[in-house]
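**Student:** Here it is: the structure, laid out below.
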Amino acid sequence: MAEPDDSAAVAVVGMAVRVPGAERDLDLFWHHVIHGIDAVTFFTREQLLGWGVPKDMVERPEFVPARAVLRDADCFDHRLFSYSPSDSALMDPQQRILLECAWAALEHAGQPPVAADGNRIGVYVGTGLNVYLLDNVWPDERAVEAAGGLGLIIGSDKDFAGTRIAYKLNLQGPALTLQTACSTSLVAVHQATQALLTYDADVALAGGATVAPPTRRGHLHEPGGIFSADGRCRAFDAAADGTVPGDGAGVVVLKRLDDALRDGDTVHAVIRGSAVNNDGARKAGFTAPGPTGQADVISAALSVADVDPDTVGLVETHGTGTALGDPIEVAALRQVFDSDRPDQAPCALGATKSVVGHLDTAAGVIGLIKTVLALKHRVIPPIAHLATPNPAVRLDGSVFELPTAARPWQPIDGVRRAGVSAFGIGGTNAHVVLEEAPPARPRPRRHVTELVLVSAKTAVVAQASLDRVAGCVAGTAPGELADLAYTLRTGRAELPWRAAFLTGAHGSPPTLRQVDAKARARGVALHLTGAGELTGNRPNYDADPVYRRVVDEGVALLRGRDLDETVRECCTRLLACVGLARSLRSRGVAPRAVAGAGIGAVACAVVAGIMSVADAVELVCGADGAGIHLGPAELPVHVPGGAPPTGHGALAYWRAQAAGPAGPATPPDLDQVLWIEVGTSVTAHLGPEQPALPTDRHARLLATVGALWQLGVAGAWDPGHDTGRRRLPAPTYPFAATRHYLDAPATRLDTGRHH
């Protein structure tokens, strides 16, 4: 076949999981996968009775007290999403977890989780049955009455899973809730991919969640049924007799591959193609799997991807470990894959359910995330609990193998490819074809001081986030610090509790500060002292293209001139002052006014747009005025004697300032703006409780910007300043685990109390 078409490829640029045993931790999830660590929990009789599981159910011999459960599934960071405790307690926990996963996935992608207006970010998600409504909320008459009919519906109904995320994160692309039983989240991935390729969206979130309350922690085993007799899922094993229910959620962030590479995103894997179909009536019953439909959807996905099945090294199966499902799934795979496969590595099968249980609507996206991680690490994971292959699966003579231990993943024809399947009860089948990410395009590396910004909704969470970020920065290679800092500056929400610090040994340890409402309203003005210098300020020149352009322009104007040292020194101070002011402005510090005297006053004229850098240099060098153009001021300028003249005598005034000594001007109206000293190492005028904010060196300038951002000054950091950088995976938001839960009637101590 021809080389796949990159224009039809979709990149996986962000991921978030909530899986049993590895809540919110992709690395720990991967560790469990490659070591076959089972996340199923077994419960005692006392626990089950205490949760309200009926005694006659617990004592039945076919009852299996096991489930793969999520820790803190009853918790929610209500403050982050601006929900009241009472509304949080009524809301479906599946939708709460999905909302946190969407936030974390966007952060993992280096995208701000609260998007700017005008975005085309789509949402494609689904949830399981809201058992919490049935078992916990509905029996609480006082809570139901307080919520009202519409409030209860909005907090509980599946229909609002997608639109809730879109509303809370300001995502303005399509927002759809999908339902196809256990294939839901992989169907969501397919739909999101199609939306990207048809330009309905530029970025898309896809995933799903399934969470049941403690009253559903256990199941009844029926011979030949879907649930196992001993609480273990043994996919493709001779002892396989069913799966184990589990709780979990996952979300991926998708983007057209060309756009992701252009924007410097980290591409974790590439979706080459996908397909969805339904078995129709071509099977034994409504709940039975259909081999024809499964084979058709896999074949269709490979055709869309333009990928030869001989080049696929791993298929993540639906893998329920049932006596009926496993043999049918392999039979369907053999219809597509059995051929004269070259004498190369076999195609391994994978089954995530043997590790985390059957996560129902979330199962497909969790299988996808596991496969993306396998591609990233170039490792074929084992199938947990696989001792003796099931003879009914009939692998002899096929291209497939059942791995029992992790092994290096060897490429086939120079590339690693995988497939992911999900088959829903009712017959909706989905298959996605994945490929390893292309090599990251080289980006310029820089080894200079970087500004790191951290924020959160509360002080406690902000401190936890600061600790995680500081640890990550300390462990990051110097050449990647610029990209990491860029990601943390541009790919996070700006929340009220903030910390800012510089990489390297600069300044004091970072401290948290709550946004100052007065500072946010007051804005910034610049006091240009004219005391800056070019000599010894190489870090500014090397690290800051805005500063460098001003300096280069001025140096070119001075080249070849026979100037005395005093004039040359004045010119260098002028250029340094203007360069620093423009550097601040490029980072979002837009001044409301400028003030200065002497050379500082001339710098004010340049910053305010009264004259160009070239004209200012000519003025300092003693030009008689020929060719110097003076324009109107674009912002207030405060110089000795008040505002500068604008008519007759203006040029003479500026010539006199250029010839005079640098010195401070008295900044007016100190209560209205925050005055920043530019070109000096003395304390800035930010009030008695503010730190010194000098700007004469690169690190000091960044510290000033960080301090302004901490105060909440509008526009104190402009993401547009960061160009040519890569987005790297970085620590995501450490959500507050606050319990908001209505206990089931059997254990509720106070039916009117919201936790």
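Quick note: the sequence shown uses the numbering used here, first residue 391, plus one each step.
Cβ coordinates follow ideal geometry from the N, Cα and C atoms, glycine included.
These numbers were taken from a predicted model, which means no experiment stands behind them.
(1) Please check the pair Ala591 and Arg510, which I expect to be a contact at CB under 8 Å, by giving their CB distance rounded to whole angstroms.
(2) Assign Val706 to one of two classes, buried (16 or more other C-beta atoms within 10 Å of its C-beta) or exposed (fewer than that).
(3) Near Ala685, what residues of its chain come up, given a Cβ to Cβ distance below 7 Å and the 5 sequence neighbours on each side ignored?
(4) Who are the near neighbours of Gln562 in its chain, counting only those whose CB is closer than 8 Å to its CB and skipping five residues on each side?
(5) Using DSSP with H/G/I as helix, E/B as strand and the rest coil, what is Gln904?
(6) Kindly provide the ranges of any beta strand (DSSP E) runs that are 3 or more residues long and lie completely inside the segment 914 to 967, ordered along the chain.
(7) With H, G and I counted as helix, E and B as strand and the rest as coil, what does DSSP make of Arg510?
(8) Run through DSSP, which three-state label would Asp395 get?
(9) Going straight from the alpha carbon of Thr701 to that of Val805, what length do you get?
(10) Leu542 by DSSP, collapsed to three states: which one?
(11) Among the candidates Ala536, Val409, Gly683, whose CA atom is the shortest distance from the CA of Leu488?
(12) Hey, would you say Ala1120 sits closer than 8 Å to Cys960, going by beta carbons?
(13) Spatial neighbours of Leu856 within its chain, please: CB distance less than 8 Å, with the 5 preceding and 5 following residues excluded, ordered by chain position.
(14) Could you name the residues of the same chain whose beta carbon sits closer than 6 Å to that of Lys847, not counting the 5 residues immediately before and after it, in chain order?
(15) State the CB to CB distance for the pair Leu568 and Gly516, rounded to an integer number of angstroms; the pair is presumed to be in contact (CB under 8 Å).
(16) Quick check on the DSSP output: the alpha helix (DSSP H) that includes Lys760 runs from which residue to which?
(17) Start and end of the beta strand (DSSP E) containing Met405?
(18) What does the alpha-carbon distance come out to for the pair Ala1033 and Ala985?
(19) Near Ala1040, what residues of its chain come up, given a Cβ to Cβ distance below 8 Å and the 5 sequence neighbours on each side ignored?
(20) What is the DSSP secondary structure of Asn819, counted as helix, strand or coil?
(21) Roughly how many angstroms separate the alpha carbons of Phe813 and Gly621, rounded to a whole number?
(22) How big is the Cα-Cα spacing for Arg938 and Ser973?
(23) Would you kindly work out how many angstroms separate the C-alpha atoms of Val720 and Ala752, rounded to a whole number?
(24) With distance defined between alpha-carbon atoms, name the residue in Leu749, Ala596, Val1063, Glu413 nearest to Pro564.
(25) Per DSSP, which one or two residues make a beta bridge with His1088?
(26) Where does Thr701 sit, in a helix, a strand or coil, going by DSSP?
(27) Just to confirm before moving on: does the CB-CB distance between Val838 and Ala933 stay below 8 Å?
(28) I'd like the span of the alpha helix (DSSP H) that includes Cys994, first residue to last.
(29) Would DSSP call Gly636 helix, strand or coil?
(30) State yes or no: is the C-beta of Val634 within less than 8 Å of the C-beta of Ala665?
(31) Can you have a look at Lys445 and say buried or exposed, based on whether 16 or more other CB atoms are within 10 angstroms of its CB?
(32) To the nearest angstrom, report how far apart Ala1089 and Leu644 are at their CA atoms.
(33) So, for Glu413: in the same chain, excluding its five sequence neighbours on each side, which residues have a beta-carbon less than 7 Å away from its beta-carbon?
(34) Taking Cβ to Cβ, would you say Val992 is nearer than 8 Å to Leu964?
(35) Is the segment 819 to 833 close to the segment 754 to 764, with three or more CB pairs under 8 Å?
(36) So, using beta-carbon positions, are Leu792 and Val642 closer together than 8 Å?
**Tutor:** Considering the structure as presented:
(1) 5 Å
(2) The question names Val, but residue 706 in the sequence shown is Glu. By the neighbour-count rule (16 or more Cβ atoms within 10 Å), Glu706 is buried.
(3) Ala722, Gln725, Val726
(4) Ala505, Asp507, Gly508, Asn509, Arg510, Ile511, Ala556
(5) strand
(6) 914 to 918
(7) coil
(8) coil
(9) 8 Å
(10) helix
(11) Val409
(12) no
(13) Val844, Ala889, Pro900, Leu902
(14) Arg469, Leu470, Leu885
(15) 5 Å
(16) 753 to 767
(17) 400 to 408
(18) 9 Å
(19) Leu1020, Pro1034
(20) strand
(21) 22 Å
(22) 9 Å
(23) 22 Å
(24) Ala596
(25) In DSSP, His1088 forms no bridge with anything.
(26) helix
(27) yes
(28) 989 to 997
(29) strand
(30) no
(31) exposed
(32) 36 Å
(33) Leu460, Arg461, Asp462
(34) yes
(35) yes
(36) no
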